[in-house]
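Numbering (the numbering used here), first residue to last: 8 to 111.
The C-beta atom is built at its ideal place from N, Cα and C for all residues, glycine as well.
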Amino acid sequence: MKVYLAVLLAPMALLIAASGLAAVTSGWVLPMNRRHVRTPRLYGWGQLVVAFALFWQVIFGVIISDSNARPWGTLIGSAMLLAGLVVMMVGQLAGRDRGSRDTA
(Lines of atoms letter the chains of each structure in order from A; the text may use other names.)
(Lines give C-alpha, C1' and ligand atoms only; values in the text may rest on other atoms or scores of the structure.)
Protein backbone atom coordinates (compact mmCIF):
# COMPACT_ATOMS: atom_id res chain seq x y z
CA MET A 8 0.00 0.00 0.00
CA LYS A 9 1.35 3.37 -0.90
CA VAL A 10 1.81 6.14 1.63
CA TYR A 11 -0.76 8.40 -0.06
CA LEU A 12 -3.45 5.79 0.67
CA ALA A 13 -2.43 5.76 4.33
CA VAL A 14 -2.67 9.56 4.41
CA LEU A 15 -6.27 9.29 3.19
CA LEU A 16 -7.34 6.28 5.27
CA ALA A 17 -6.00 7.43 8.64
CA PRO A 18 -8.09 10.65 8.91
CA MET A 19 -11.13 8.83 7.54
CA ALA A 20 -10.72 6.15 10.21
CA LEU A 21 -10.41 8.85 12.88
CA LEU A 22 -13.64 10.49 11.74
CA ILE A 23 -15.48 7.17 11.70
CA ALA A 24 -14.12 6.37 15.17
CA ALA A 25 -15.24 9.76 16.51
CA SER A 26 -18.72 9.24 15.08
CA GLY A 27 -18.86 5.72 16.52
CA LEU A 28 -17.72 6.91 19.92
CA ALA A 29 -20.43 9.59 19.93
CA ALA A 30 -23.04 6.99 19.01
CA VAL A 31 -21.90 4.56 21.71
CA THR A 32 -21.62 7.08 24.53
CA SER A 33 -24.57 9.39 23.88
CA GLY A 34 -26.66 7.77 21.15
CA TRP A 35 -25.93 10.64 18.75
CA VAL A 36 -25.83 9.73 15.04
CA LEU A 37 -24.92 11.92 12.09
CA PRO A 38 -27.97 13.78 10.73
CA MET A 39 -27.81 12.00 7.38
CA ASN A 40 -28.09 8.61 9.11
CA ARG A 41 -30.67 9.41 11.82
CA ARG A 42 -33.65 8.30 9.78
CA HIS A 43 -32.17 4.88 9.05
CA VAL A 44 -30.52 3.94 12.35
CA ARG A 45 -32.80 2.25 14.88
CA THR A 46 -30.24 1.24 17.52
CA PRO A 47 -27.56 3.95 17.65
CA ARG A 48 -25.33 2.22 20.20
CA LEU A 49 -25.04 -0.96 18.14
CA TYR A 50 -24.46 1.15 15.04
CA GLY A 51 -21.70 2.98 16.91
CA TRP A 52 -19.99 -0.27 17.86
CA GLY A 53 -20.03 -1.22 14.18
CA GLN A 54 -18.42 2.11 13.31
CA LEU A 55 -15.70 1.52 15.90
CA VAL A 56 -14.96 -1.91 14.44
CA VAL A 57 -14.78 -0.40 10.92
CA ALA A 58 -12.40 2.32 12.14
CA PHE A 59 -10.18 -0.26 13.85
CA ALA A 60 -10.17 -2.37 10.68
CA LEU A 61 -9.10 0.63 8.59
CA PHE A 62 -6.24 1.33 11.02
CA TRP A 63 -5.32 -2.35 10.86
CA GLN A 64 -5.20 -2.16 7.06
CA VAL A 65 -2.95 0.90 7.21
CA ILE A 66 -0.60 -0.77 9.70
CA PHE A 67 -0.24 -3.96 7.70
CA GLY A 68 -0.25 -2.21 4.34
CA VAL A 69 2.33 0.47 5.03
CA ILE A 70 4.27 -0.17 8.22
CA ILE A 71 4.73 -3.95 8.31
CA SER A 72 6.89 -5.09 5.45
CA ASP A 73 7.31 -8.77 6.39
CA SER A 74 6.23 -10.75 3.36
CA ASN A 75 4.61 -13.50 5.45
CA ALA A 76 2.65 -11.24 7.80
CA ARG A 77 1.23 -8.78 5.28
CA PRO A 78 -1.28 -11.08 3.50
CA TRP A 79 -2.61 -12.48 6.77
CA GLY A 80 -2.84 -9.02 8.30
CA THR A 81 -4.77 -7.59 5.40
CA LEU A 82 -7.03 -10.65 5.31
CA ILE A 83 -7.84 -10.23 9.02
CA GLY A 84 -8.40 -6.52 8.45
CA SER A 85 -10.81 -7.26 5.63
CA ALA A 86 -12.73 -9.72 7.81
CA MET A 87 -12.97 -7.11 10.58
CA LEU A 88 -14.17 -4.52 8.08
CA LEU A 89 -16.87 -6.88 6.85
CA ALA A 90 -17.89 -7.71 10.44
CA GLY A 91 -18.15 -4.01 11.28
CA LEU A 92 -20.32 -3.35 8.25
CA VAL A 93 -22.59 -6.25 9.23
CA VAL A 94 -22.93 -4.84 12.77
CA MET A 95 -23.75 -1.41 11.34
CA MET A 96 -26.38 -2.98 9.09
CA VAL A 97 -27.92 -4.83 12.03
CA GLY A 98 -28.03 -1.50 13.87
CA GLN A 99 -30.12 -0.14 11.03
CA LEU A 100 -32.48 -3.09 10.85
CA ALA A 101 -32.90 -4.38 14.40
CA GLY A 102 -34.52 -2.74 17.38
CA ARG A 103 -37.51 -0.57 17.82
CA ASP A 104 -38.64 1.99 15.31
CA ARG A 105 -37.61 5.43 16.55
CA GLY A 106 -40.68 7.04 15.01
CA SER A 107 -43.31 4.85 16.63
CA ARG A 108 -44.96 6.02 19.85
CA ASP A 109 -47.03 2.93 20.61
CA THR A 110 -47.82 2.41 24.27
CA ALA A 111 -49.65 -0.88 23.87
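Check, Outcome
"Kindly indicate which residue of Leu89, Leu49, Asn75 has the alpha-carbon position closest to the one of Leu100.", "Leu49"
"Using a 10 Å radius around the Cβ and a threshold of 16 neighbouring Cβ atoms, would you call Val57 buried or exposed?", "buried"
"Quick one: what's got a C-beta closer than 7 Å to Thr46's C-beta in the same chain, skipping five residues either side?", "Gly98, Ala101, Gly102"
"Along the chain, where does the alpha helix (DSSP H) containing Leu37 start, and where does it finish?", "Taken as a continuous stretch (DSSP letters only), Leu37 belongs to no alpha helix (DSSP H), as it is neither H nor E."
"Three Cβ pairs or more, each shorter than 8 Å: is that satisfied between the region 78–91 and the region 52–67?", "yes"
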